[in-house]
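Following: one structure in structure tokens, then a few remarks.
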Amino acid sequence: MIMIRRILLAVLAGAAVLLVPWTVYLAHTLPDRYDTGQWRAAWVGFDVALLLCFAAGAWLGMRRRRAAVPLLSATAALLCCDAWFDVMLGWTSAERWTSVALAVFVEIPVAVVLAFAARTLLSDALPRRSVTLRDIEMREDPRYHWVTRGLPGDTEGVARRAGLERAEVAECLNTLRDNGFVRRDRKGNWIAIPQDLREPRPEDYDGADRERVAAFLDAKYADEVTLLSWAAAHRDEFGPWATAQRTSTRLTEEEFRELDAEYHELITRYCRGRRRPVEGEKELSVRFYAFPPPRHGSGPASGSQAAPLGPQGTPW
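In terms of the working numbering, the sequence shown opens at residue 21 and continues consecutively.
Quick look at the structure:
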């Protein structure tokens, strides 16, 4: 992968260097005026290509597909080309100021918007941080489980679904908000905010705090084993709502990091796809594990990936 990137960068740099003399040559040899055929077909074909780029970019963008990034960038480049040729080729015509106005107030601004949209999709990751001691405290308090499972809704509705007093729910929601787990929407209802929470490292803490973090991690993985064991025992009950894959492969550390990044991109897209429940959806527990297997037949010979129930982006 590194070699491919180096080759690509070398090709791009070489193309940039070669274009310098070619551009100088064209500047001295091309005529100021030139009559050509297929003028209508050329511009209609260009606009058809632009239309298709807009349609495909909108479709992919609404679904937060990563493929929308190069397509939105290409559409922005086509709009800039459209503005350039409209202005330059129509400069001596009576409609030149119309071309200038369209370029300045329509084509260039839309191209800028599309470029920013592509950048947003490229960097639109879940908020990432490590689990804190406060998160661990909330995990150990069952009220926060009940409150988060009652979202979305107003305080009264969440209290009713959680079976708690309104004051308790308000306190929990405010604490969750202060830690970045929930916020109010435009209608004043509380909604969950997915987060990319990373495991805390016990070595970052001292004394009792280190022991507490270590106990949290032990309990977390014990819960994972229990959950996966339960899923395996009930695998025939899920119907189309469960899947599992397991494989073994050989990767360099760089390739492994790329695999991890691609997984996070995928799960981010689905976590951000919809904030409110819709008919027919189910809560799914999604797990991804990749690790070196035991050697010399002392255990399972491959990592595993399993999917079948828990809130996304929460420490519990």
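Backbone N, C-alpha and C define an ideal beta-carbon position, used for all residues, glycine too. All values reported here derive from a predicted model rather than from experimental measurement.
Beta-carbon gap between Thr175 and Leu196 smaller than 8 angstroms: Taking the sequence shown and counting its residues from 1, one reaches residue 175 at position 155. Taking the sequence shown and counting its residues from 1, one reaches residue 196 at position 176. Going by C-beta atoms, Thr175 is not nearer than 8 angstroms to Leu196.
Inter-residue spacing [alpha-carbon to alpha-carbon] between Leu248 and Arg218: Locating residue 248 in the sequence shown gives position 228, where the first residue counts as 1. Locating residue 218 in the sequence shown gives position 198, where the first residue counts as 1. Answer to the nearest angstrom: the Cα atoms are 20 angstroms apart.
Helix, strand or coil at Gly81 [DSSP, three-state]: Position 61 of the sequence shown holds residue 81. DSSP places Gly81 in helix when its eight states are reduced to three.
Closest Cα partner of Arg53 within the set Met23, Ala61, Met108, Ala242: In the sequence shown, counting from the first residue as 1, residue 53 sits at position 33. The candidate whose alpha carbon is nearest that of Arg53 is Met108.
For Leu99 and Glu127, believed in contact at Cβ under 8 angstroms, the rounded distance: Locating residue 127 in the sequence shown gives position 107, where the first residue counts as 1. Locating residue 99 in the sequence shown gives position 79, where the first residue counts as 1. That belief holds up - the Cβ atoms of Glu127 and Leu99 are roughly 5 angstroms apart, short of 8 angstroms.
Burial state of Phe136 (16 or more Cβ within 10 Å): Here residue 136 refers to the residue found at position 116 of the sequence shown. Answer is exposed; the Cβ neighbour count stays below 16.
Element boundaries [beta strand (DSSP E), containing Arg266]: Here residue 266 refers to the residue found at position 246 when the sequence shown is read from its first residue. 263-267 is the extent of the beta strand (DSSP E) around Arg266.
Complete runs of the alpha helix (DSSP H) confined to the segment 207-292 [at least 4 residues]: 227-253, 273-291
Environment of Leu39 [buried if 16+ CB atoms lie within 10 Å]: Sequence index remark: in the sequence shown, residue 39 carries index 19 (1-based). Under this definition Leu39 is an exposed residue.
Touch test, the segment 159-174 against the segment 202-216, Cβ-Cβ under 8 angstroms, three pairs minimum: yes
Where the alpha helix (DSSP H) through Arg181 begins and ends: Here residue 181 refers to the residue found at position 161 of the sequence shown. Arg181 -> alpha helix (DSSP H) spans 175-182.
Extent of the continuous beta strand (DSSP E) run through Ser113: Counted from its first residue, the sequence shown places residue 113 at position 93. Unbroken run through Ser113: none, as it is neither H nor E.
Three or more C-beta pairs below 8 angstroms linking the segment 108-122 and the segment 63-80: no
Closer than 7 angstroms: Arg85 CB and nearest the ligand HEM heavy atom: Questions concerning the ligand HEM fall outside what the structure shown contains, since it holds no ligand whatsoever.
Where Val202 sits in the DSSP three-state scheme: Along the sequence shown, read from residue 1 onward, the residue named residue 202 stands at position 182. Val202 falls in the strand class under three-state DSSP.
Validate contact between the segment 151-168 and the segment 229-236 using beta carbons, cut 8 angstroms, 3 pairs: yes
Residue burial classification, Phe201 (beta-carbon count within 10 angstroms, cutoff 16): Mapped onto the sequence shown, residue 201 falls at position 181. Counting Cβ neighbours within 10 Å, Phe201 comes out buried, since at least 16 surround it.
Straight-line Cα distance separating Pro297 from Leu304: Residue mapping note: residue 304 aligns to position 284 of the sequence shown, counting from 1. Residue mapping note: residue 297 aligns to position 277 of the sequence shown, counting from 1. Cα to Cα, Leu304 sits roughly 13 angstroms from Pro297.
For Phe308, three-class secondary structure by DSSP: Stepping through the sequence shown from its first residue, residue 308 is reached at position 288. Reduced to three states, the DSSP call for Phe308 is strand.
Coarse secondary structure for Arg25, derived from DSSP in three states: In the sequence shown, residue 25 corresponds to position 5, counting from 1. Helix at Arg25.
Integer Cβ distance of Ser93 from Ala35, believed to fall under 8 angstroms: Indexing the sequence shown from 1 puts residue 93 at position 73. Indexing the sequence shown from 1 puts residue 35 at position 15. Contact doesn't hold; Cβ gap of about 18 angstroms is too wide.
DSSP state of Arg149 mapped onto helix, strand, coil: As a working mapping, residue 149 is identified with position 129 in the sequence shown. It is a strand residue.
Separation of Ala97 from Val132, as counted between CA atoms: In the sequence shown, counting from the first residue as 1, residue 132 sits at position 112. In the sequence shown, counting from the first residue as 1, residue 97 sits at position 77. Roughly 10 angstroms between the two C-alpha positions.
Terminal residues of the alpha helix (DSSP H) in which Pro162 lies: Counting from 1 along the sequence shown, the entry for residue 162 is found at position 142. Unbroken alpha helix (DSSP H) run through Pro162: 162-169.
Trp261 and Lys302 closer than 8 angstroms at C-beta: Position 241 of the sequence shown, counting from 1, holds the residue named residue 261. Position 282 of the sequence shown, counting from 1, holds the residue named residue 302. Yes, the Cβ-Cβ distance between Trp261 and Lys302 is below 8 angstroms.
Outcome for Arg134 when other beta-carbon atoms lying within 10 angstroms are tallied against a minimum of 16: Locating residue 134 in the sequence shown gives position 114, where the first residue counts as 1. Sequence check: residue 134 is Leu here, not Arg. Result: buried.
Cβ-based neighbour list, Asp205, same chain, cut-off 6 angstroms, excluding 5 preceding and 5 following: In the sequence shown, the residue the question calls residue 205 occupies position 185. Taken in chain order, the residues that qualify are Ile211.
Best match in Ala264, Glu282, Asp256, Asp67 for proximity to Cys101 [C-alpha to C-alpha]: In the sequence shown, residue 101 corresponds to position 81, counting from 1. That would be Asp67, whose Cα lies nearest to the Cα of Cys101.
With 16 other Cβ atoms within 10 Å as the buried cut-off, status of Val31: Counted from its first residue, the sequence shown places residue 31 at position 11. The residue is exposed, with fewer than 16 neighbouring Cβ atoms inside 10 Å.
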